[in-house]
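K.L.:
Listed in order, the protein sequences are those of chains A and B. As numbered in the numbering used here, the first sequence has no gaps in its residue numbers, which increase by one up to the final residue, 306. As numbered in the numbering used here, the second sequence has no gaps in its residue numbers, which increase by one up to the final residue, 370. Sharing a structure, written as structure tokens. Questions coming.
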Amino acid sequence: MSDILKVENLNYSHRLKKILQDVNLTLESGKIVGLLGENGAGKTTLMRLITGVAHATGDITVAGASRIDERKSHVSYMDHLGAFSLGTHLDRIVKFYQTVYEDFDVDRFNELADFLNIDLSLKLSALSKGNKQKFVIALTLSRQVELYLLDEPFDGIDSMSRKDIINSIIKWKPENATIVISDHYVSEISSLLDEIVVIKDETINCNLDADKIREDKGMDIEDFYESLYERGHDND
Amino acid sequence: MKFDDKIPIYLQIQNYLDRQIISGELAPGDRLPSVRQLAVDVTANVNTVQRALSEMIDEKIIVPQRGRGNFVTVDVDLIAQLRLKLVDEQFALVYDQLRALNFSDSEIIDKFVEYVKDRGALNE
Chain A
71 MSDILKVENL
81 NYSHRLKKIL
91 QDVNLTLESG
101 KIVGLLGENG
111 AGKTTLMRLI
121 TGVAHATGDI
131 TVAGASRIDE
141 RKSHVSYMDH
151 LGAFSLGTHL
161 DRIVKFYQTV
171 YEDFDVDRFN
181 ELADFLNIDL
191 SLKLSALSKG
201 NKQKFVIALT
211 LSRQVELYLL
221 DEPFDGIDSM
231 SRKDIINSII
241 KWKPENATIV
251 ISDHYVSEIS
261 SLLDEIVVIK
271 DETINCNLDA
281 DKIREDKGMD
291 IEDFYESLYE
301 RGHDND
Chain B
247 MKFDDKIPIY
257 LQIQNYLDRQ
267 IISGELAPGD
277 RLPSVRQLAV
287 DVTANVNTVQ
297 RALSEMIDEK
307 IIVPQRGRGN
317 FVTVDVDLIA
327 QLRLKLVDEQ
337 FALVYDQLRA
347 LNFSDSEIID
357 KFVEYVKDRG
367 ALNE
């Protein structure tokens, strides 16, 4: 397997506050990776930096491309559609994606939309939280790229929508592509993950194989994740 | 499929498929669903399913055929061995628990014979 993402010596500050320090991370192709950390730990920031919508010092390489403009064609980052007015019809947004992204696969989108039961004649404002997340996931996964970044796709949605989204990820993930999913409730996706990356104290705390954690420590992923914080308190 | 998150997922998938083979739901010579379909069926990722299958291929319970997919072995002796292994695993659990409660071997045997008789009578 080849490396799909390489982050080297990444440092990022915002208004003099250090958000990420000395981040080094390498991910292989073909994986599903859980990006874990408390709210505000820097998960979204790291995704935005990888995508190239925010800038930092250090090197980021996606599928061999390190320049921001080149990188963008290899990464599909889950957009929360904040730029669209609530009155926009979903099919207009799909058209927009087709226009902006050369790699947008309409057939794949239609399959996903069908599987997730998305009514494209609706306005954005008519969507429940779960249906909006489904729509966003369908858009994100319909680009043909090597790296997909899903930012808290299960935040605030019901368990049926969650199952549908998980199944669509399993069904439609291209074999060699890697999907990074950020979440602060790991238990709802842990069976899906090849490995976890934990962001803590402004940097990568660990990057481990999920089944290896279960095998070596006899712990579930959530307990392991929580144990990283308990250890932190002992040192205080 | 509901997983116990403390136990490696690939082992649980392997166990699930072993049971299907022992119960005959997957018969000798049957073709398994594709890796992707199995992943959807059990809600796990493709790599984890592939790892479970690799273990089973090592044990020769599953035989891969190039370009055609994975097949359950037609070697019924191997399936018989798998069946016995599963009995051992189940007995090991019960035995360890009862020994931990200071039951003697002969008590365990006597009680077990009695238990099977009672259950058997109920099932008739």
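From the three backbone atoms N, C-alpha and C, an ideal C-beta is built for every residue, glycine too. Computed from a predicted model, the values in this text were never measured in an experiment.
Starting from the beta carbon of B:Leu-285, find every residue of chain A whose beta carbon is closer than 8 angstroms, and list them in chain order.
P.N.:
Here the sequence assigns Ala to residue 285 of chain B, which means Leu is not the residue at that position. Chain A residues near B:Ala-285: Ile-240.
K.L.:
Who are the near neighbours of A:Thr-127 in its chain, counting only those whose CB is closer than 8 angstroms to its CB and skipping five residues on each side?
P.N.:
Asn-79, Leu-80, Asn-81, Tyr-82
K.L.:
Could you tell me which chain B residues have their CB closer than 7 angstroms to the CB of A:Ile-291, listed as they occur along the chain?
P.N.:
Contact note: A:Ile-291 reaches chain B through Asp-251, using a C-beta cutoff of 7 angstroms and chain order.
K.L.:
At 8 angstroms on the CB atoms, spell out the chain C contacts of A:Arg-284, in chain order.
P.N.:
Going by chain labels, chain C is absent from the structure shown, which instead holds the protein chains A and B.
K.L.:
Just to make sure I have the definition right: I need the residues of chain A whose C-beta is within less than 9 angstroms of the C-beta of B:Ala-290. Which are they?
P.N.:
Those are Ile-240, Ser-261, Leu-262, listed as they occur along chain A.
K.L.:
So that I know if they touch, is there some Cβ in chain A lying closer than 8 angstroms to that of B:Asn-316?
P.N.:
no
K.L.:
Near A:Asn-277, what residues of its chain come up, given a Cβ to Cβ distance below 6 angstroms and the 5 sequence neighbours on each side ignored?
P.N.:
Result list for A:Asn-277: Val-267, in chain order.
K.L.:
Mind pulling the chain B residues with CB within less than 8 angstroms of A:Asn-237?
P.N.:
Val-286, Thr-289
K.L.:
Which of helix, strand or coil does DSSP assign to A:Tyr-299?
P.N.:
The three-state reading of DSSP puts A:Tyr-299 in helix, counting H, G and I together.
K.L.:
Is it the case that the Cβ atoms of A:Arg-213 and A:Asp-161 are separated by a distance below 8 angstroms?
P.N.:
No.
K.L.:
Determine the extent of the alpha helix (DSSP H) in which B:Asn-293 is found, giving its start and end residues.
P.N.:
292-304
K.L.:
Give the C-beta separation of B:Phe-317 and B:Arg-277 to the nearest angstrom, bearing in mind that I take them to be a contact with Cβ-Cβ under 8 angstroms.
P.N.:
5 angstroms
K.L.:
Which ranges would you report for the alpha helix (DSSP H) in the stretch 79-160 of chain A if only whole runs of at least 4 residues count?
P.N.:
113-121, 138-141
K.L.:
Looking at chain A, which residues of the stretch 354-370 of chain B have a Cβ within less than 9 angstroms of any of its Cβ atoms?
P.N.:
Of all residues in the stretch 354-370 of chain B, none has a Cβ within less than 9 angstroms of some Cβ in chain A.
K.L.:
Please list the residues of the stretch 315-342 of chain B that have a C-beta atom closer than 7 angstroms to any C-beta atom in chain A, keeping them in chain order.
P.N.:
none
K.L.:
Could you compute how far the alpha carbon of B:Leu-330 sits from the alpha carbon of B:Val-340?
P.N.:
Counting only the Cα atoms, B:Val-340 lies some 16 angstroms from B:Leu-330.
K.L.:
Let me know the secondary structure DSSP gives B:Asp-356 once reduced to three states.
P.N.:
In this structure, B:Asp-356 counts as helix in the three-state DSSP scheme.
K.L.:
State the DSSP-derived secondary structure class of B:Asn-348, mapped to helix, strand or coil.
P.N.:
coil
K.L.:
Should A:Gly-100 and B:Asn-293 be called a contact, given that it needs their Cβ atoms to be closer than 8 angstroms?
P.N.:
yes
K.L.:
With DSSP run on the structure shown, which of helix, strand or coil describes B:Ile-325?
P.N.:
helix
K.L.:
Along chain B, in chain order, which residues have C-beta atoms closer than 9 angstroms to that of A:Ser-257?
P.N.:
Asp-251
K.L.:
Compare the C-beta of A:Ser-281 with all C-beta atoms of chain B and state if any pair is closer than 8 angstroms.
P.N.:
The sequence shown places Asp at residue 281 of chain A, not Ser. Closer than 8 angstroms to some Cβ of chain B, the Cβ of A:Asp-281 qualifies, so yes.
K.L.:
Measuring only between beta-carbons, confirm whether A:Gly-200 sits less than 8 angstroms from chain B.
P.N.:
Look at A:Gly-200: its C-beta is not under 8 angstroms from any C-beta on chain B.
K.L.:
Cα separation between B:Glu-305 and B:Asn-261?
P.N.:
Here the alpha carbons of B:Asn-261 and B:Glu-305 stand approximately 13 angstroms from one another.
K.L.:
Considering only DSSP beta bridges, list what A:Lys-270 is partnered with.
P.N.:
A:Thr-273
K.L.:
In whole angstroms, give me the CA-to-CA distance for A:Thr-131 and A:Phe-185.
P.N.:
33 angstroms
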